[in-house]
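Residue numbers (our numbering): 1 to 356. Working notes, structure below.
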Amino acid sequence: MKTLKISYIFLILPLILGIIGLTEAQIPMSDALFYSFSMYFVAYEGPAYNYYVEAARWLAPIMTFSSVLMFFSYYRQRIYNYIKYQRNDSVVLYGNTELCSIIKQSLNNPIIETEDFEFVKAHRYILCGAEEENLLFYENHKEKLRDKKVYIQCETLRSQLISNDNVKLFNMNEISARLYWNKFDIKKILANIKDAHIVLIGFGNLGKEIILQALQNNIFDPGQHITYDVFGEEEHFTSIYSSLANISDTVVFYDHWESHLDLINKADVVIVCEQNNQLSIIQTLLMQTTINEIEVFADNPSIYDLLSEQNRLNIFDFKQLALTKENIFNERTLDVAKRLNLRYVSIPMVESHFVQ
């Protein structure tokens with residue numbers, strides 16, 4: 001939209017220059033206006049009275065040609081979008097973010113292009129911009145989207161809170177954590193022992209989902225006990241999720257993982273979800289601990305290519321694996337999440353501590 005406004009300014013610039021130049025040459029205003037318009041069609045045959053007129057004579061045909069190109073470009077995209085809309089699986093993505101780029105790569109649906117958050121017709125809508133922008137767009141176009149499938153990237157709200165069956169909230173961190181624990185073999189740890197020890201370095205939104213999914217999925221034996229040692233800010237986690245799971249597992253929060261390397265050495269597995277200075281964290285763990293399994297939630301897995309021979313490292317490309325068509329459109333996943341929420345919502349929370 002901003003580009004169009006700038007284009008309009010340049011379009012009328014020759015007209016303004018022509019009127020100024022011709023009126024300075026004592027040409028009546030009505031004639032000056034007519035002659036200035038004629039310059040757009042290379043029909044002005046009068047003299048170049050001054051620099052204003054000369055500039056207008058050269059710029060006007062260029063602006064005419066540019067306007068024709070802009071017109072065809074604008075309506076060409078609209079025609080393409082209309083053709084794509086005729087397909088029942090057409091999708092429009094909103095949001096100029098890294099997440100949108102990743103999602104776009106995984107789609108084989110006809111993708112309808114749009115600028116900013118301009119509303120266009122489609123059969124499915126994926127809102128993957130900033131959370132506030134996503135929710136505001138849905139609110140502003142609620143009536144138009146009433147019978148459409150809408151998928152909204154949102155970390156604050158849970159899908160199970162939404163009663164509209166056509167609206168699905170998806171959370172990359174939640175999907176990533178669920179996929180990770182689905183592939184993680186907890187039986188391998190608990191096969192010969194009843195007590196397991198898992199360390200998580202980093203917390204935030206991603207770490208929170210890793211712990212939530214772990215407490216709901218890592219249930220193998222009634223007599224099991226898993227201790228989750230978390231290095232990161234608790235951020236009222238235990239008070240918010242006070243009714244999560246009826247298991248004897250323990251969640252302990254610590255500050256400063258660097259001063260607890262002895263504790264980390266005793267872990268069965270270490271999960272690193274901290275994204276800041278992640279490579280430095282991995283280097284310290286490799287050089288100063290003997291832990292056999294280091295699981296890394298990597299934002300940019302390619303930086304670990306040089307460490308590919310480190311058998312202790314397992315790189316989890318969480319964004320690419322989570323933001324796929326199957327995970328976003330999968331209605332069964334939402335049903336499972338709702339059932340899990342109903343199952344655990346009224347059950348006492350596991351024991352939790354915070355250690356400085």
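Note that beta-carbon positions come from the ideal geometry of N, C-alpha and C, so glycine has one too. None of these values were measured; they are calculated from a predicted model.
Check: Q26 by DSSP, collapsed to three states: which one?
Finding: Counted from its first residue, the sequence shown places residue 26 at position 26. Residue state, collapsed to three classes: coil.
Check: Can at least three beta-carbon pairs, one atom from the region 59-77 and one from the region 13-27, be found at a separation below 8 Å?
Finding: yes
Next item on the list: Please confirm whether L206 and S239 have their CB atoms less than 8 Å apart.
Entry: As a first step, residue 206 must be located in the sequence shown, where it is residue number 206. As a first step, residue 239 must be located in the sequence shown, where it is residue number 239. If you check the CB distance, L206 and S239 do not come in under 8 Å.
Margin query: Taking 7 Å as the limit between beta carbons, can you name the residues of its chain near Y44, skipping five residues before and five after?
Written below: Against the sequence shown, residue 44 aligns to sequence position 44. Same-chain partners within the cutoff: Y35, S38, R57.
Next item on the list: From the DSSP output, in three-state form, read off F220 for me.
Entry: By one-based count along the sequence shown, residue 220 stands at place 220. F220 falls in the coil class under three-state DSSP.
Note to self: Going by C-alpha to C-alpha distance, which of L215, I102, E258, E174 sits closest to G204?
What the structure shows: Position 204 of the sequence shown holds residue 204. Of all alpha-carbon atoms in L215, I102, E258, E174, the one lying nearest the alpha-carbon of G204 is that of E174.
Notebook entry, point to check: Which one of S30, N292, T250, E98 has the shortest CA to CA distance from N300?
Noted result: One-based indexing of the sequence shown puts residue 300 at position 300. For N300, the nearest C-alpha among the options comes from E98.
Next item on the list: Just list the alpha helix (DSSP H) runs in the region 221-305, keeping only unbroken ones of 4 residues or longer that don't cross its boundaries, in chain order.
Entry: 237-240, 261-265, 278-288
Checklist line | Beta carbon of I112 nearer than 8 Å to that of S90 | finding: By one-based count along the sequence shown, residue 112 stands at place 112. By one-based count along the sequence shown, residue 90 stands at place 90. In contact: I112 and S90 (Cβ atoms closer than 8 Å).
Checklist line | Local Cβ density within 10 Å of Y180, reported as buried at 16 or more and exposed below that | finding: Translated into positions along the sequence shown, residue 180 becomes position 180. It counts as buried.
Next item on the list: Taking 8 Å as the cut-off, decide whether the C-beta atoms of Q288 and L261 are in contact.
Entry: Within the sequence shown, residue 288 is the residue found at index 288, counting from 1. Within the sequence shown, residue 261 is the residue found at index 261, counting from 1. Taking 8 Å as the Cβ cut-off, Q288 and L261 qualify as a contacting pair.
Next item on the list: Please check the pair N270 and I201, which I expect to be a contact at CB under 8 Å, by giving their CB distance rounded to whole angstroms.
Entry: Locating residue 270 in the sequence shown gives position 270, counting from the first residue. Locating residue 201 in the sequence shown gives position 201, counting from the first residue. Correcting the residue identity first, residue 270 is Val in this sequence and not Asn. So it is a contact: roughly 7 Å between Cβ atoms.
Note to self: Would N166 and K149 qualify as a contact pair, given that the criterion is a beta-carbon distance under 8 Å?
What the structure shows: The residue given as residue 166 occupies position 166 in the sequence shown. The residue given as residue 149 occupies position 149 in the sequence shown. In this structure, K149 lies closer than 8 Å to N166 by Cβ.
Notebook entry, point to check: What residues are listed by DSSP as bridge partners for R124?
Noted result: Here residue 124 is taken as the residue at index 124 of the sequence shown, counted from 1. Partner(s): V91, K149.
Note to self: Please identify the residue among A55, L69, P47 whose C-alpha is closest to the C-alpha of S7.
What the structure shows: Translated into positions along the sequence shown, residue 7 becomes position 7. The option with the nearest alpha carbon to S7 is L69.
Note to self: Can you list, in chain order, the residues of its chain with a C-beta nearer than 6 Å to that of F318? Leave out the 5 residues immediately preceding and following it.
What the structure shows: What you label residue 318 is simply residue 318 of the sequence shown in a count that begins at 1. If we look at F318 and ignore the five residues flanking it on each side, its Cβ neighbours are S176, F297.
Check: Candidates S73, A25, V42, F71: which alpha carbon is nearest Y51's?
Finding: By 1-based counting over the sequence shown, the position of residue 51 is 51. Y51 has its Cα closest to that of A25, out of S73, A25, V42, F71.
Notebook entry, point to check: Helix, strand or coil for V167 per DSSP?
Noted result: Working through the sequence shown from its first residue, we reach residue 167 at position 167. Of the three classes helix, strand and coil, the one that applies to V167 here is strand, per DSSP.
Next item on the list: Determine the DSSP secondary structure at D195, reduced to helix, strand or coil.
Entry: What you label residue 195 is simply residue 195 of the sequence shown in a count that begins at 1. Residue state, collapsed to three classes: strand.
Note to self: I'd like the span of the beta strand (DSSP E) that includes L313, first residue to last.
What the structure shows: Sequence index remark: in the sequence shown, residue 313 carries index 313 (1-based). Counting along the chain, the beta strand (DSSP E) containing L313 begins and ends at 313-316.
Margin query: For F117 and R158, I'd like the C-alpha separation in whole angstroms.
Written below: Working through the sequence shown from its first residue, we reach residue 117 at position 117. Working through the sequence shown from its first residue, we reach residue 158 at position 158. Each residue's alpha carbon lies about 23 Å from the other.
Margin query: Buried or exposed for D221, going by 16 or more other Cβ atoms inside 10 Å?
Written below: Here the question's residue 221 lines up with position 221 in the sequence shown. That one is exposed.
Item checked: Selection from M172, S248, F253 that minimises the alpha carbon distance to H236 -> Looking up residue 236 in the sequence shown gives position 236. When each option's Cα is compared against that of H236, the closest is F253.
Next item on the list: Please report the residue range of the alpha helix (DSSP H) in which L67 lies.
Entry: Working through the sequence shown from its first residue, we reach residue 67 at position 67. Before going further, note that residue 67 is Ser rather than Leu in the sequence given. Start and end: 51-85.
Checklist line | Terminal residues of the alpha helix (DSSP H) in which L179 lies | finding: For this step, residue 179 is matched to residue 179 along the sequence shown. First-last of the alpha helix (DSSP H) with L179: 172-183.
Margin query: Measuring straight from C-alpha to C-alpha, what distance separates C273 and S280?
Written below: Sequence index remark: in the sequence shown, residue 273 carries index 273 (1-based). Sequence index remark: in the sequence shown, residue 280 carries index 280 (1-based). Roughly 13 Å separates the two Cα atoms.
Item checked: C-alpha distance - R76 paired with V120, whole-angstrom precision -> For the purposes of this step, residue 76 is identified with residue 76 of the sequence shown, where counting begins at 1. For the purposes of this step, residue 120 is identified with residue 120 of the sequence shown, where counting begins at 1. Whole-angstrom Cα-Cα distance: 14 Å.
Item checked: Distance, T114 Cα to M29 Cα -> Stepping through the sequence shown from its first residue, residue 29 is reached at position 29. Stepping through the sequence shown from its first residue, residue 114 is reached at position 114. Those two C-alpha atoms are separated by around 42 Å.
Note to self: Taking 7 Å as the limit between beta carbons, can you name the residues of its chain near N81, skipping five residues before and five after?
What the structure shows: As a position in the sequence shown, residue 81 is number 81, starting the count at 1. I112, E113, V120, listed in sequence order.
Notebook entry, point to check: Could you give the distance in angstroms between the alpha-carbon of I9 and the alpha-carbon of G95?
Noted result: Within the sequence shown, residue 9 is the residue found at index 9, counting from 1. Within the sequence shown, residue 95 is the residue found at index 95, counting from 1. Here the alpha carbons of G95 and I9 stand approximately 27 Å from one another.
Margin query: Buried or exposed for K84, going by 16 or more other Cβ atoms inside 10 Å?
Written below: The residue labelled residue 84 in the question sits at position 84 within the sequence shown. Counting Cβ neighbours within 10 Å, K84 comes out buried, since at least 16 surround it.
Notebook entry, point to check: Residue range of the alpha helix (DSSP H) that E118 falls in?
Noted result: Mapped onto the sequence shown, residue 118 falls at position 118. No alpha helix (DSSP H) holds E118; DSSP gives it neither H nor E.
Next item on the list: May I have the straight-line CA-CA distance separating F72 from P110, to the nearest angstrom?
Entry: The sequence position of residue 72 within the sequence shown is 72, counting from 1. The sequence position of residue 110 within the sequence shown is 110, counting from 1. Near 21 Å, if we compare the C-alpha coordinates of P110 and F72.
Notebook entry, point to check: Under the three-state reduction of DSSP, which class applies to L200: helix, strand or coil?
Noted result: As a position in the sequence shown, residue 200 is number 200, starting the count at 1. Correct three-state label for L200: strand.
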